[in-house]
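S.K.:
In our numbering, the protein residues as written are 322 to 398.
Written out as structure tokens, the structure reads:
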């Protein structure tokens, strides 16, 4: 399945992309994260949350074949 992965904030600095499409077999969010950690070594050192279809999810959440976003901590203001 094809999944659009969107990057924000400091994650863009690591990937040098705002978004990309990846192909992955059915699985969990953790499978996507493992693939991205292998592709972007510096990602392992970043703190972020993961959203699927604009809802925060855990690593055990099943992939739905939609949109994944990596969201770094946001500062208030």
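Where a beta carbon is used, it is the ideal one built from N, C-alpha and C, also for glycine. Because the structure is a prediction, the values reported are computed rather than measured.
1. Give the DSSP-derived three-state secondary structure of residue 411 in the structure shown.
2. To the nearest angstrom, report how far apart residue 353 and residue 329 are at their CA atoms.
3. Can you look up residue 360 in the DSSP assignment and give me helix, strand or coil?
4. Please work out which residues of its chain come closer than 7 angstroms, Cβ to Cβ, to residue 369, disregarding the five sequence neighbours upstream and downstream, and give them in chain order.
5. For a minimum of 3 consecutive residues, which ranges assigned as the beta strand (DSSP E) are wholly contained in the segment 325-353?
6. Less than 8 angstroms between the C-beta atoms of residue 367 and residue 358, yes or no?
M.R.: To lay it out plainly:
1. As shown, the chain starts at 322 and ends at 398. That puts residue 411 outside it, with no answer to give.
2. Residue mapping note: residue 353 aligns to position 32 of the chain shown, counting from 1. Residue mapping note: residue 329 aligns to position 8 of the chain shown, counting from 1. The alpha-carbon of residue 353 is positioned some 16 angstroms away from that of residue 329.
3. Taking the chain shown and counting its residues from 1, the one referred to as residue 360 is at position 39. In the displayed model, residue 360 falls within a helix according to three-state DSSP.
4. In the chain shown, residue 369 corresponds to position 48, counting from 1. Closer than 7 angstroms at the Cβ level, and outside the excluded window around residue 369, lie 332, 391, 392 and 393.
5. Annotation: the segment 325-353 contains the following complete segments of the beta strand (DSSP E) (minimum length 3 residues), in chain order: 340-344.
6. Start at 1 with the first residue of the chain shown, and residue 367 comes out as number 46. Start at 1 with the first residue of the chain shown, and residue 358 comes out as number 37. Not a contact, by the Cβ cut-off of 8 angstroms.
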